[in-house]
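Novice:
Have a look at this one:
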């Protein structure tokens, strides 16, 4: 009978509060910065679940696979998602009655002089054994429980999207640190090669000085150039060590137990497929998380509205009670009771109105946060597309500068050997050539970083279908894409 009443209330109840609609956002038809730059089409390059394989770097692939297993930030985000699932299950239990079973045994001595006088209980001693079973249920007539469960389900989905965001961020940060380390390897290789050239040049100047052809000033100029370049090569080790340590932490290892073998960066970044701006709303986990929090805040408005309606409580009790334990479970010892109550608040000095206003304001805040997250997503895509486009053009121009500097250096050396000019012109040409080559290496590193940044801005290989529909019972830990 109680279960039938519960079912009737569940079926006839209504959920108060606004119906949820995804907030509208201003979405451009196309990315502005794509103009003048032809990215790969989505069917040309497919960012699969392991998006970093697009760089075709086995060493990077091996490192990236260790992030899911060992990264502590990812483990913390996963634990947070499991907390959200547990909280959802906690509030979901309000759909069902609460049942309690207890047992008690007392022996009581009644005063012989207690009022009223001459009572039949005066002065007696008796036992009381009880085995009660109680059920209580707050009928969800106005949808308070449903809205609350809806809110926490959407919070759990947002937490799943947060987990995916951390996952994407950790993988992208690893790729950036890795390519920056490789860029420094290339710069160090260039400097070490230049040091060898300068050593040969110093030997030549010293030989010419010994023969009375060159001056001591020229010897010191060559030595200064050599030692300065050696110092630059040594200084590379500071930043290189820091990036190596950062990679170690990202894969969950102490820096002392990890070594990143030197591998100079030589290849330009691959073409990155850029989708339409409207697709970004479905591909970025941080945008999905912000939207789910809007839905959760909308459900909380319904919870606040439900406080204006009466609370309907159903109760049932039964069990056995006897003065003798031998007759406790006999039929005559049984008892039962059924009841229902309704409780309505008629005056609360504006408390419910304040709670409703707070819920509406919280919803407005999440809408603004969602729209700001979308705008930031568009900005990040535009920033990295612009960087790739401009840096690609800059690399082409810089290569011309490198070629010109090498030609200038060759001419300066020829002029010096012919006695037309001093060694100062050679050192000037050497400095210009080295500076242009270092700049070219740095541009290549920046292009790789921008390529990783663009993939991250596009959401990697994640899409909204990875969100668990019912995280309370069967939601997977959606830290990666499908």
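Numbering (our numbering), first residue to last: 145 to 626.
Just so it is clear, CB atoms sit at the ideal spot from N, CA and C, and this is done for glycine as well.
With a threshold of 7 Å on Cβ separation, who are the neighbours of residue 303 within its own chain once the five nearest residues in sequence on each side are excluded?
Specialist: Taken in chain order, the residues that qualify are 224, 225, 228.
Novice: Quick one: what's residue 250 bridged to in DSSP?
Specialist: In the DSSP output, where bridge partners are listed per residue, residue 250 has 272.
Novice: The alpha helix (DSSP H) with residue 519 in it runs from where to where?
Specialist: Here the alpha helix (DSSP H) through residue 519 covers 495–561.
Novice: To which residues of the same chain is residue 432 closer than 7 Å at the C-beta, ignoring the five residues directly before and after it?
Specialist: So the qualifying residues of the chain are 305, 608, 611.
Novice: Where residue 297 and residue 614 are concerned, what is the direct C-alpha to C-alpha distance, given to the nearest angstrom?
Specialist: Residue 297 and residue 614: Cα-Cα distance of roughly 7 Å.
Novice: So which of 460, 475, 550, 201 has the shortest CA-CA distance to residue 244?
Specialist: It is 460.
Novice: Whose C-beta lies closer than 8 Å to the C-beta of residue 565 among residues of the same chain, with five residues either side of it excluded?
Specialist: Only 556, 559 meet the Cβ criterion.
Novice: Give every residue of the same chain whose Cβ lies closer than 8 Å to the Cβ of residue 398, excluding the five residues on either side of it in the sequence, and list them in chain order.
Specialist: Correct list, in chain order: 392.
Novice: Whether or not the segment 328–346 and the segment 436–450 are in contact is what I'm after, with contact meaning three or more pairs of Cβ atoms, one per stretch, closer than 8 Å; do they touch?
Specialist: Not touching, per the Cβ criterion.
Novice: Applying the criterion that 16 or more other CB atoms from any shown protein chain within 10 Å of the CB defines a buried residue, is residue 358 buried or exposed?
Specialist: Residue 358 is buried by the Cβ-count criterion.
Novice: Could you pull out every residue in the same chain whose Cβ sits closer than 7 Å to the Cβ of residue 187, ignoring the five residues on either side in sequence?
Specialist: For residue 187, the pLDDT reaches just 45, beneath the cut-off of 50, and the residue's location in the model is therefore unreliable, although a value from the coordinates is still provided. Cβ neighbours of residue 187 beyond the five flanking positions: none.
Novice: Secondary structure at residue 607, three-state DSSP: helix, strand or coil?
Specialist: Residue 607 falls in the coil class under three-state DSSP.
Novice: Quick one: Cα of residue 388 to Cα of residue 371, how far?
Specialist: Taking the straight line joining both Cα atoms gives about 26 Å.
Novice: Identify whether residue 440 lies in helix, strand or coil by the three-state DSSP scheme.
Specialist: In this structure, residue 440 counts as helix in the three-state DSSP scheme.
Novice: Can the beta-carbon of residue 234 be found less than 9 Å from the beta-carbon of residue 284?
Specialist: No, the pair does not count as a contact, with Cβ atoms beyond the cut-off.
Novice: Can the beta-carbon of residue 394 be found less than 9 Å from the beta-carbon of residue 211?
Specialist: Yes.
Novice: Rounded C-beta distance between residue 408 and residue 199? I'm assuming under 8 Å.
Specialist: Not really, about 15 Å apart at Cβ, beyond 8 Å.
Novice: Looking at the unbroken beta strand (DSSP E) that takes in residue 460, where does it start and where does it end?
Specialist: From DSSP, the beta strand (DSSP E) with residue 460 extends over 455–466.
Novice: Could you tell me which of 588, 500, 170, 207 sits nearest to residue 444, measuring between CA atoms?
Specialist: Checked all of 588, 500, 170, 207; the closest Cα to residue 444 is 500.
Novice: Can you tell me the Cβ-Cβ gap for residue 441 and residue 517, rounded? I've got them flagged as a contact below 8 Å.
Specialist: Wrong, their Cβ atoms sit about 14 Å apart, outside the cutoff.
Novice: Got a sec? Which residues, its chain only, sit under 7 Å from residue 570 by beta carbon, not counting five neighbours each side?
Specialist: The residues are 556, 557, 560.
Novice: Beta-carbon separation of residue 546 and residue 178 under 9 Å?
Specialist: It is not a contact, given that the beta carbons lie outside the stated cut-off.
Novice: Might you give, ordered along the chain, the residues of its own chain that have their beta carbon closer than 6 Å to the beta carbon of residue 366, omitting 5 neighbours on each side?
Specialist: 345, 346, 349, listed in sequence order.
Novice: Between the Cα of residue 480 and those of 410, 278, 221, spot the shortest distance and give me the residue it belongs to.
Specialist: Of the listed residues, the one whose Cα sits closest to residue 480 is 278.
Novice: Counting only runs of 4+ residues fully inside the segment 343–367, write out the alpha helix (DSSP H) ranges in chain order.
Specialist: With a minimum length of 4 residues, no continuous alpha helix (DSSP H) run stays inside the segment 343–367.
Novice: Given a cut-off of 9 Å on the beta-carbon distance, is the pair residue 273 and residue 467 in contact?
Specialist: The answer is yes: Cβ separation under 9 Å.
Novice: Return the first residue and the last residue of the alpha helix (DSSP H) that residue 570 is part of.
Specialist: Note, residue 570: alpha helix (DSSP H), 567–601.
Novice: Out of 476, 498, 525, 420, state which residue places its alpha-carbon closest to the alpha-carbon of residue 174.
Specialist: The shortest Cα separation from residue 174 among 476, 498, 525, 420 belongs to 420.
Novice: Can you check DSSP and say which residues form a bridge with residue 478?
Specialist: Note: residue 478 sits in a beta bridge opposite 464.
Novice: Work out the CA separation of residue 316 and residue 204 for me, nearest whole Å.
Specialist: Computed Cα separation, rounded: 11 Å.
Novice: Helix, strand or coil for residue 424? Go by DSSP, reduced to three states.
Specialist: If DSSP states are grouped into helix, strand and coil, residue 424 belongs with the helices.
Novice: Might you give, ordered along the chain, the residues of its own chain that have their beta carbon closer than 6 Å to the beta carbon of residue 488, omitting 5 neighbours on each side?
Specialist: Around residue 488: 454.
Novice: If you follow the beta strand (DSSP E) that residue 490 is part of, which residue opens it and which one closes it?
Specialist: From DSSP, residue 490 is part of no beta strand (DSSP E); its letter is neither H nor E.
Novice: Distance check for residue 326 and residue 189, CA to CA, integer angstroms please.
Specialist: With a pLDDT of 48 at residue 189, under the threshold of 50, the predicted position of this residue should be treated as unreliable, though the coordinate-derived value follows. The straight-line gap from Cα to Cα measures roughly 24 Å.
Novice: Could you tell me whether the Cβ atoms of residue 588 and residue 539 are closer together than 9 Å?
Specialist: Yes; because the gap between Cβ atoms is below 9 Å, this pair is in contact.
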